[in-house]
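Notes follow the structure.
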Amino acid sequence: MANSSSHHDHRIIDALLDAYPFNESTSILDSACGKGLISRGLAPHCGSIVAVDNNQASVDDFARRISNQGIPPEEMHVVCAQLEGNDSELDGQKFDVVVCSAAYHHLESIPNTTRILAFFLKPGGHLLVVDFLTSAEPIPEDVPHKHGFDDDTIRAAFVGANLADFGMERFATAKFHGKRVELFLARGTKKKVGYS
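Residue numbers in the sequence shown follow our numbering, run continuously in steps of one, and reach 216 at the last position.
Given below as structure tokens:
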């Protein structure tokens, strides 16, 4: 089972790397980071990562891993928080890329979440969201969006968050909670000041 999960994570990392030209100056916010699988996969390809999750146990586990690997806080650190899109959060920091992987189906309001994540982007920054496409058979988990998402729902959330250049593509088949699903990666760009 660990190999299956590792393979699944590797495909997500590859899709993210294909979606954005990460480099040593790229700053990343990994929202709903869990135990940090996405952050750890992207770390060799960027300058800094701030990882956020509202589950203290996951944050503690990830922080322990960061510490054990000797990664300095200016390169990667993790915060337990429920982001609301305020300037006082995350020391007012804005990011080149905000990533949210396999979390949207857990969240009540997709439009509100997308607006909050877009708030933390620099002008011209990219929001990258990975989750699963609408399926007839729900995943066996008590979550708000157990059937996944269609293009129109995600597009409307990105447009509502004032993100431009929307794109959404299927990139892999995976198992979520024992059910086969199609994974998508959606992306949008925060409009630059004066861009209409």
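By construction, the Cβ of each residue, glycine as well, lies at the ideal position given by its N, Cα and C atoms. Computed from a predicted model, the values in this text were never measured in an experiment.
Continuous beta strand (DSSP E) stretch holding residue i: start and end
{"i": "A71", "result": "S68 to D73"}
{"i": "D171", "result": "Counting along the chain, D171 falls outside any beta strand (DSSP E), though it belongs to the alpha helix (DSSP H) covering D171 to G180."}
{"i": "H97", "result": "M96 to C100"}
Three-state secondary structure assigned by DSSP to residue i
{"i": "A123", "result": "coil"}
{"i": "D29", "result": "helix"}
{"i": "L3", "result": "Only positions 21 to 216 of the chain appear in this structure, which leaves residue 3 out of reach."}
{"i": "K199", "result": "strand"}
{"i": "V213", "result": "coil"}
{"i": "D38", "result": "helix"}
{"i": "A51", "result": "Reading the sequence as shown, one finds Ser at residue 51 and not Ala. Strand."}
{"i": "A83", "result": "helix"}
{"i": "R207", "result": "strand"}
{"i": "T133", "result": "helix"}
Heavy atom of the ligand ZN within 7 angstroms of residue i beta-carbon
{"i": "A63", "result": "Within the structure as shown, the ligand ZN is missing, as the structure has no ligands at all."}
Buried or exposed (CB count within 10 angstroms, at least 16 for buried), residue i
{"i": "P164", "result": "For P164, the predicted structure reports a pLDDT of 46, less than 50, and the residue's modelled location is therefore unreliable. The matter cannot be settled from this model."}
{"i": "K55", "result": "buried"}
{"i": "K212", "result": "exposed"}
{"i": "R190", "result": "exposed"}
{"i": "D73", "result": "buried"}
{"i": "L68", "result": "Checking the sequence shown, residue 68 turns out to be Ser, not Leu. Looking at its Cβ environment, which holds 16 or more other Cβ atoms inside 10 Å, S68 is buried."}
{"i": "R207", "result": "buried"}
{"i": "D80", "result": "exposed"}
{"i": "D170", "result": "exposed"}
{"i": "T209", "result": "buried"}
{"i": "A35", "result": "buried"}
{"i": "D50", "result": "buried"}
{"i": "T46", "result": "buried"}
{"i": "R60", "result": "buried"}
{"i": "A197", "result": "The residue asked about is misnamed: residue 197 is His in this sequence, not Ala. Exposed is the call here."}
{"i": "N185", "result": "A quick correction: the sequence has Asp, not Asn, at residue 185. Exposed, since its Cβ has fewer than 16 Cβ neighbours within 10 Å."}
{"i": "A77", "result": "exposed"}
Opening and closing residue of the alpha helix (DSSP H) in which residue i lies
{"i": "L57", "result": "L57 to L62"}
{"i": "F152", "result": "Segment L141 to F152 is the beta strand (DSSP E) holding F152; no alpha helix (DSSP H) there."}
Integer-rounded CB distance, given that residue j should sit under 8 angstroms from residue i
{"i": "L37", "j": "H65", "result": "6 angstroms"}
{"i": "A122", "j": "N182", "result": "Wrong, their Cβ atoms sit about 25 angstroms apart, outside the cutoff."}
{"i": "Q113", "j": "V70", "result": "7 angstroms"}
{"i": "F33", "j": "L62", "result": "The residue asked about is misnamed: residue 33 is Ile in this sequence, not Phe. Right, their Cβ atoms sit about 7 angstroms apart."}
{"i": "G145", "j": "F115", "result": "6 angstroms"}
{"i": "T134", "j": "G168", "result": "Contact doesn't hold; Cβ gap of about 16 angstroms is too wide."}
is_contact[residue i, chain B] using C-beta, thresh 8 angstroms
{"i": "I86", "result": "Of the protein chains in this structure there is only one, and it is not chain B."}
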